[in-house]
Amino acid sequence: MIYKGIIERYRKYLPVTEKTPIVSLFEGNTPLLRAHNIEKHMGVKFRIYLKFEGANPTGSFKDRGMTMAISKAVEEGSKAVICASTGNTAASAAAYSARAGIKCSVIIPDGSIALGKLSQAMMHGAKVIALKGNFDEALKIVLEITKNYPITLVNSLNPYRIEGQKTASFEIMDFLGCSPDYHFIPVGNAGNITAYWKGYKEYCAKKKLTHHTCVLPHMMGFQASGSAPIVRGKPIKNPKTLATAIKIGNPASWKKAEAARDESKGVIDIVTDAEIVKAYKLLAALEGVFVEPASAASLAGLIKYFKKGSLNCQPSTVNSQPVIVCTLTGHGLKDPDRAIKSATRPKVLGQDMKKIIKEIGL
Ligand code: F0G
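Okay, structure coming up:
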């Protein structure tokens, strides 16, 4: 069967009917890659898989939620949508709105979003407002607007976003044949960890994977150390991190993320910017997987917990060799500035064959 996106694939698990006009860019069905080289590099006995969400049509996991949110908005007769965003939600909302032929407005923190994301929102014809303020302040304004005007909120407080995003867990379980033992994931506004946990719980229950005694994974969420309100236990007024996607001081789904952590006997913890950059470079250099910095928080968290000796690496009920999945939320091309700052610059040479050969190292 030709693949037609997450709604067609998982229709019976989603709140859609025959009447729902499906607005899709054939999102989802993203690679779940075994990270052999990173396993070797870390010297681990478990299997590590990378769920590469940068392979979605607009380059991030947001497309899963956006196909649902925009389809339902159109079904309900909405002519305009709005979101606050650190960039990826804006890019996705803009693209799906363009496809649906509805108006899209996005409010972004001025100077704090990566270039690739900004260019996407602009090219898809969204009304882009750069707010003098941070993401949390932008979200507050957007919530106020949607309360008072006929415009649909497409931030992850819109429950359809979570419904779409939970399909990433479905794909992982379909691929592995069961759930992983640990799931590592970056946490920003906390919608995605909420969605994955919902997905694991529902799929396990509905598919009745009882022949395996479906053991749900521990959800391991990671915030950047300068933007870690859930870990610190209070909102952060001026969040700081080079991982701009998760530069959030007061996550909308705070309580739900804590519930996912507690129900799954997982953790929400911090990783430093230095740890994020290290993981970001490892993914690109060892696995050929280019992600944006925020996405590398999941691998950074795995490395941190492995070093601490905090992971149970014994065979589990489900898997003879423990299985770990890291979600990589967005593509590296989203943030070319960070990539260029993090890697070796090209050498500029004249057309001198000898010098070129020498530089190549032949
Ligand atoms: N990784 C990336 C690349 C993101 O863009 C985001 C969130 C996250 C992780 C965190 O996910 O918010 O569900 O906990 N980006 C939002 C945005 C906030 O506006 O694009 P979360």
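Counting from -17, one number per residue, gives the positions in the sequence shown under the working numbering. Cβ coordinates follow ideal geometry from the N, Cα and C atoms, glycine included.
query                                                                                                      : result
CB of Thr311 within 8 Å of CB of Asn174, strictly                                                          : yes
Heavy atom of the ligand F0G within 7 Å of Lys33 beta-carbon                                               : no
Cβ-heavy atom distance, Ser94 to the ligand F0G, below 7 Å                                                 : no
Any non-hydrogen atom of the ligand F0G closer than 7 Å to Lys22 Cβ                                        : no
Environment of Glu105 [buried if 16+ CB atoms lie within 10 Å]                                             : Glu is not the amino acid found at residue 105; the sequence shown has Met there. Exposed, since its Cβ has fewer than 16 Cβ neighbours within 10 Å.
Span of the alpha helix (DSSP H) around Ser74                                                              : 70 to 82
Under 8 Å between C-beta atoms of Ala77 and Ile90                                                          : no
Rounded separation between Thr176 and Tyr31 - CA only                                                      : 20 Å
CA-to-CA distance, Gly248 to Pro318, given in whole angstroms                                              : 33 Å
Cβ contact check for the segment 13 to 21 and the segment 51 to 71: 3 or more pairs under 8 Å              : no
When Gln333, Ala325, Ile306 are compared against Lys260, the one with the closest alpha-carbon             : Ala325
Nearest residue (CA-CA) to Met214, options Glu274, Ile230, Asn140                                          : Residue 214 is actually Arg in this sequence, not Met. Nearest C-alpha to Arg214: Ile230.
Best match in Lys323, Leu281, Asp156, Val5 for proximity to Ser12 [C-alpha to C-alpha]                     : A small fix is needed here, since residue 12 is Thr in this sequence, not Ser. Nearest option by C-alpha distance: Asp156.
Ser42 beta carbon near the ligand ZN (any heavy atom closer than 7 Å)                                      : What this structure holds is the ligand F0G, not the ligand ZN.
CB of Ser280 within 8 Å of CB of Phe152, strictly                                                          : no
Range covered by the alpha helix (DSSP H) that runs through Val56                                          : 44 to 57
Contiguous alpha helix (DSSP H) assignments of at least 4 residues, all confined to the segment 237 to 306 : 255 to 269, 279 to 290
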